[in-house]
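> Order-wise, the sequence lines are chains Y and L. Note that the numbering used here has the first sequence beginning at 1, numbered continuously upward. Note that the numbering used here has the second sequence beginning at 1001, numbered continuously upward. We treat Cβ as the ideally placed atom computed from N, Cα and C, and that holds for glycine. Before anything else, here's the structure in question.
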Amino acid sequence: MTNIWAIVKRELAGYFCSPVAYVFIVIFLLLSGFFTFSVSHFYENGQADLAAFFGWQPWIFLLLVPAVGMRLWAEERRTGTIELLLTLPVTLTEAVLGKFIAAWLFLALALFLTFPLVITVAYLGNPDMGAIFCAYFGNILMAGAYLSVGSMTSSLTRNQVVSFILAVVICLFLVIAGWTPVTEVLSGWAPLWLVETISSFSFISHFSSIQRGVLDARDLIYYVSVIFFMLYANGVILLNRRT
Amino acid sequence: MIEAKNLVKYFGHKLAVDDISFTVEKGEVLGFLGPNAAGKSTTMRMLTGFISPSSGTSVIGGRDIVKEPFEARKMIGYLPENAPTYPDMTVTGFLEFISEIRGFSGKEKFARVEKVLERCFLSEVRFQTINTLSKGFKQRVCFAQSILHDPEYLIMDEPTDGLDPNQKHEVRAMIKEMALDKAIILSTHNLEEVEAICSRAIIIAKGRIVADDTPSGLKAGSSLHGAICVTLMCGCDEAVIEEIRGLPGVGSVETVEKTESEVTLRIFAEDGGGCGSQDLIRFFMKKEMPTEKIFIEEGRLDEVFRKVTTS
Chain Y
1 MTNIWAIVKR ELAGYFCSPV AYVFIVIFLL LSGFFTFSVS HFYENGQADL AAFFGWQPWI
61 FLLLVPAVGM RLWAEERRTG TIELLLTLPV TLTEAVLGKF IAAWLFLALA LFLTFPLVIT
121 VAYLGNPDMG AIFCAYFGNI LMAGAYLSVG SMTSSLTRNQ VVSFILAVVI CLFLVIAGWT
181 PVTEVLSGWA PLWLVETISS FSFISHFSSI QRGVLDARDL IYYVSVIFFM LYANGVILLN
241 RRT
Chain L
1001 MIEAKNLVKY FGHKLAVDDI SFTVEKGEVL GFLGPNAAGK STTMRMLTGF ISPSSGTSVI
1061 GGRDIVKEPF EARKMIGYLP ENAPTYPDMT VTGFLEFISE IRGFSGKEKF ARVEKVLERC
1121 FLSEVRFQTI NTLSKGFKQR VCFAQSILHD PEYLIMDEPT DGLDPNQKHE VRAMIKEMAL
1181 DKAIILSTHN LEEVEAICSR AIIIAKGRIV ADDTPSGLKA GSSLHGAICV TLMCGCDEAV
1241 IEEIRGLPGV GSVETVEKTE SEVTLRIFAE DGGGCGSQDL IRFFMKKEMP TEKIFIEEGR
1301 LDEVFRKVTT S
């Protein structure tokens, strides 16, 4: 347990030692702000909720979260520190979890820094705060799911660009599986059970109810399973790279 | 004790390590020598558990690295090839991380880091980020992490690689000091290092052990071993060389170097016999040939190395 914490600390310190962390946070906040206010016309809508903000998150995450995940393992393999890490008295599970949790905490911080939006909507109207907090929670879970994909792809290669592209493609598939235009096309020729199955793999489908403030166990289980599956695959890949 | 038991490693169809076995006891420093791509680093990686062997295993202090990797790794300090370190951390930050992973906390964690900073002469760069350090310092940081927890077993892949002569000397002195109560394996291309600090040396070529002996034992295998090298301050013509050949116990005479005023000869003993240096000195005195230098060749490691790795 203490090993995981030691790794988390190390990773987080590393993020903030380079400009990457700061650039990422600023870009994330700028993009979120832009889409919320200019594209979704938050003010004009006059709604006391943050749907304008949360609606864009799956797409912003799609682009930015793989950028965080791409360096998790690719960097270790490139600098050779993976040989150091995996010969310390640290289990593979601890190493994978430690790095993942550190990156997840970093993403949570970026999300937390959008709190001015919450203050704005609370000041301007009377929003359902429970729904908003629930939506943030769902957002963090979803970010974790994206991140786990990124972590897995970064263990496949020592090239961060390849890791990024692979992660975006996999996450894109997982996102658009539930996107209305895609489900519409599918329902044109596929049986209902198939459309339902495919769209149930989507990040968006599972996010829509959380976004409204409903914590459905199925959605939570979905995200947690994605994270679990991807991190497990991550471990298996690393194990295989040693033989 | 470190035990390598029938280690074999295939990379696809390529056989990188072909049945390597050896043991290293505490108090021994084992030198790993071999041409590049002989399988030295691969063997070390199998010993530390970074790569799993295709067959065979390594046992460190009674713990099998495949079956009990965690316990085994606690006892090992490992310095991998190219001395990897996290470039975005400070020296102290990195060592504190290692200290935590090694199980130290609180005051002891910092005390250990302090001690190893001093021992490895890193105090002056302690707050510097690792990617701003020169190669020598990076090497020493990685060296520091391998000895921080005072492990019983040290496995080092080219520990003096890229260091200047002074730094090499310091690191070698440290290794010699630690050798008293530890089992150490180090790989090197530097034969002078083997003679300086290793109590035993293994030469690996094409994945197999081709020689395993003490440095002096290996040198005895040299064809030069036992030959008497004489430098005379005068000329020496064929007739005299013939006479020397005629002396009892002398097998052959080789002219190493010849100038106007000096000549250096290498005199080989007859097989099985000994050729006394005293006899030679008396001979030269009788002939009134002033002797400047005379010594008995121990043999050269690089020659032995070449012989066993290119056969």
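Beta-carbon of Y/L238 versus every beta-carbon of chain L: anything under 8 Å?
The residue you call residue 238 of chain Y lines up with position 238 of the first sequence. Cβ-Cβ to chain L under 8 Å: no for Y/L238.
> Please tell me whether L/F975 has its Cβ less than 8 Å away from any Cβ of chain Y.
Because chain L in this structure spans residues 1001 to 1311, residue 975 of chain L falls outside the shown range and cannot be described.
> Please classify L/Q1278: is it buried, with 16 or more other beta-carbons within 10 angstroms of its beta-carbon, or exposed?
The residue given as residue 1278 of chain L occupies position 278 in the second sequence. Result: exposed.
> Where does L/F1032 fall in DSSP's three states?
Here the question's residue 1032 of chain L lines up with position 32 in the second sequence. Here L/F1032 sits in strand by DSSP.
> For L/R1036, decide whether its Cβ has a neighbour in chain Y, counting only Cβ atoms nearer than 8 Å.
Within the second sequence, the letter at position 36 stands for residue 1036 of chain L. In the sequence on display, residue 1036 of chain L carries Asn and not Arg. Answer no: the Cβ-Cβ gap between L/N1036 and chain Y never drops below 8 Å.
> In chain L, which residues lie less than 7 Å from Y/L86 when you measure between Cβ atoms?
Residue 86 of chain Y sits at position 86 when you count from the first residue of the first sequence. Per Cβ cutoff of 7 Å: F1050.
> Excluding the 5 residues flanking L/L1163 on each side, which residues of the same chain have their C-beta closer than 7 Å to its C-beta?
On the second sequence, residue 1163 of chain L is found 163 positions in, with the first residue counted as 1. Once the five neighbours on either side are set aside, the close Cβ partners of L/L1163 are G1136, Q1139, V1171.
> Give the secondary structure of L/A1201 by DSSP, where H, G and I count as helix, E and B as strand, and everything else as coil.
As a working note, residue 1201 of chain L is residue 201 in the second sequence. The answer is strand: DSSP assigns L/A1201 an E or B state.
> Any beta carbon of chain Y sitting closer than 8 Å to that of L/K1168?
In the second sequence, counting from the first residue as 1, residue 1168 of chain L sits at position 168. No, L/K1168 lies away from the interface with chain Y (no Cβ there is under 8 Å from its Cβ).
> On the DSSP bridge list, what partners appear for L/S1252?
Start at 1 with the first residue of the second sequence, and residue 1252 of chain L comes out as number 252. In the DSSP output, where bridge partners are listed per residue, L/S1252 has L/F1268.
> Which residues in chain L sit within 7 Å of Y/E83, going by Cβ to Cβ distance?
The residue you call residue 83 of chain Y lines up with position 83 of the first sequence. The contacting residues are F1050, P1080, P1084.
> Kindly say whether L/F1070, judged by its beta-carbon, lies nearer than 8 Å to any beta-carbon of chain Y.
Stepping through the second sequence from its first residue, residue 1070 of chain L is reached at position 70. Yes - at least one Cβ of chain Y is within 8 Å of the one on L/F1070.
> Under a Cβ-count criterion, where at least 16 other Cβ atoms within 10 Å of its own Cβ denotes burial, should L/K1287 be classed as buried or exposed?
The residue given as residue 1287 of chain L occupies position 287 in the second sequence. That one is exposed.
> Please classify Y/W193 as buried or exposed, where buried requires at least 16 neighbouring CB atoms within 10 angstroms.
Position 193 of the first sequence, counting from 1, holds the residue named residue 193 of chain Y. Exposed: under 16 other Cβ atoms inside 10 Å.
> Closer than 7 Å by beta-carbon distance: list the chain Y residues that pair up with L/M1001, in chain order.
Taking the second sequence and counting its residues from 1, one reaches residue 1001 of chain L at position 1. Under the 7 Å cutoff, chain Y gives no residues; its nearest Cβ is about 19 Å from L/M1001.
> What is the C-beta distance between Y/T79 and L/P1069, in whole angstroms, given that I count them as a contact (C-beta under 8 Å)?
Indexing the first sequence from 1 puts residue 79 of chain Y at position 79. Indexing the second sequence from 1 puts residue 1069 of chain L at position 69. With a Cβ gap of about 23 Å, Y/T79 and L/P1069 do not count as contacting.
> So, is Y/D49 buried or exposed, given that buried needs 16 or more other C-beta atoms within 10 angstroms?
Translated into positions along the first sequence, residue 49 of chain Y becomes position 49. Result: buried.
> Who are the near neighbours of L/A1072 in its chain, counting only those whose CB is closer than 6 Å to its CB and skipping five residues on each side?
Walking along the second sequence from the start, residue 1072 of chain L turns up at place 72. So the list reads I1060, R1063, I1065, once near-sequence residues are dropped.
> Quick one: what does DSSP say L/C1142 is sitting in, helix, strand or coil?
Mapped onto the second sequence, residue 1142 of chain L falls at position 142. In this structure, DSSP gives L/C1142 a helical state, which the three-state scheme calls helix.
> Kindly identify the DSSP beta-bridge partner or partners of Y/L12.
Your numbering for residue 12 of chain Y matches position 12 in the first sequence. Beta-bridge pairing links Y/L12 to no other residue.
> Any idea which residues DSSP pairs L/V1230 with across the strands?
Position 230 of the second sequence, counted from the first residue, corresponds to residue 1230 of chain L. Its beta-bridge partners are L/L1265, L/I1294.
> Would you list, in chain order, the members of the stretch 1093–1117 of chain L that have their beta-carbon closer than 7 Å to a beta-carbon of chain Y?
From the stretch 1093–1117 of chain L, only G1093, F1097, E1100, I1101 have a Cβ closer than 7 Å to chain Y.
> Take Y/P127 as the anchor and find which of Y/L172, Y/R212, Y/R158, Y/F164 has the nearest alpha-carbon.
Sequence index remark: in the first sequence, residue 127 of chain Y carries index 127 (1-based). Comparing Cα positions, the closest option is Y/R212.
> If you drop the 5 nearest sequence neighbours on each side, which residues of the same chain put their C-beta closer than 6 Å to that of Y/D216?
Position 216 of the first sequence, counting from 1, holds the residue named residue 216 of chain Y. Same-chain partners within the cutoff: S209.
> Spell out whether any CB of chain L is found under 8 Å from the CB atom of Y/A233.
Stepping through the first sequence from its first residue, residue 233 of chain Y is reached at position 233. Taking CB atoms only, Y/A233 has no neighbour in chain L less than 8 Å away.
> So what does DSSP say about L/Y1153, is it helix, strand or coil?
Position 153 of the second sequence holds residue 1153 of chain L. Correct three-state label for L/Y1153: strand.
> How would you write the range of the alpha helix (DSSP H) that Y/V90 sits in, first residue to last?
In the first sequence, residue 90 of chain Y corresponds to position 90, counting from 1. Segment: none, Y/V90 is in no alpha helix (DSSP H) and carries neither H nor E.
> Since L/E1089 meets chain Y, which of its residues come closer than 9 Å, beta carbon to beta carbon?
Counting from one through the second sequence, the residue named residue 1089 of chain L turns up at place 89. Rather than Glu, the amino acid found at residue 1089 of chain L in this sequence is Met. What L/M1089 touches in chain Y: R10, A13, G14, C17.
> Touch check for the stretch 1241–1259 of chain L and the stretch 1202–1221 of chain L: three-plus C-beta pairs under 8 Å?
Remark: fewer than three beta-carbon pairs, one from each stretch, lie closer than 8 Å, so the stretch 1241–1259 of chain L and the stretch 1202–1221 of chain L are not flagged as touching.
> L/R1208 to L/H1013, Cα distance in whole Å?
To locate residue 1208 of chain L, count along the second sequence from 1; it is residue 208. To locate residue 1013 of chain L, count along the second sequence from 1; it is residue 13. Computed Cα separation, rounded: 17 Å.
> Quick one, are the C-beta atoms of L/A1179 and L/V1029 less than 8 Å apart?
To locate residue 1179 of chain L, count along the second sequence from 1; it is residue 179. To locate residue 1029 of chain L, count along the second sequence from 1; it is residue 29. In this structure, L/V1029 lies closer than 8 Å to L/A1179 by Cβ.
> Alpha carbons only, please: which of Y/Y123, Y/V161, Y/N139, Y/V96 is nearest the one belonging to Y/A6?
Position 6 of the first sequence holds residue 6 of chain Y. Checked all of Y/Y123, Y/V161, Y/N139, Y/V96; the closest Cα to Y/A6 is Y/V96.
> Compare the beta carbon distance of L/V1240 and L/I1267 with 8 Å and say whether it is the shorter of the two.
The sequence position of residue 1240 of chain L within the second sequence is 240, counting from 1. The sequence position of residue 1267 of chain L within the second sequence is 267, counting from 1. Between L/V1240 and L/I1267, the C-beta spacing is not below 8 Å.
> Whole angstroms is fine: what's the gap from L/K1199's alpha carbon to L/H1169's?
Taking the second sequence and counting its residues from 1, the one referred to as residue 1199 of chain L is at position 199. Taking the second sequence and counting its residues from 1, the one referred to as residue 1169 of chain L is at position 169. At residue 1199 of chain L the sequence reads Ser, which differs from the Lys that was named. C-alpha separation (whole angstroms): 17 Å.
> Got a sec: which bits of the stretch 1180–1205 of chain L sit with their beta carbon under 9 Å from any beta carbon on chain Y, in order along the chain?
none
> Counting only the same chain and skipping the five closest in sequence on each side, list residues whose C-beta sits under 6 Å from that of Y/R77.
What you label residue 77 of chain Y is simply residue 77 of the first sequence in a count that begins at 1. Around Y/R77: R158.
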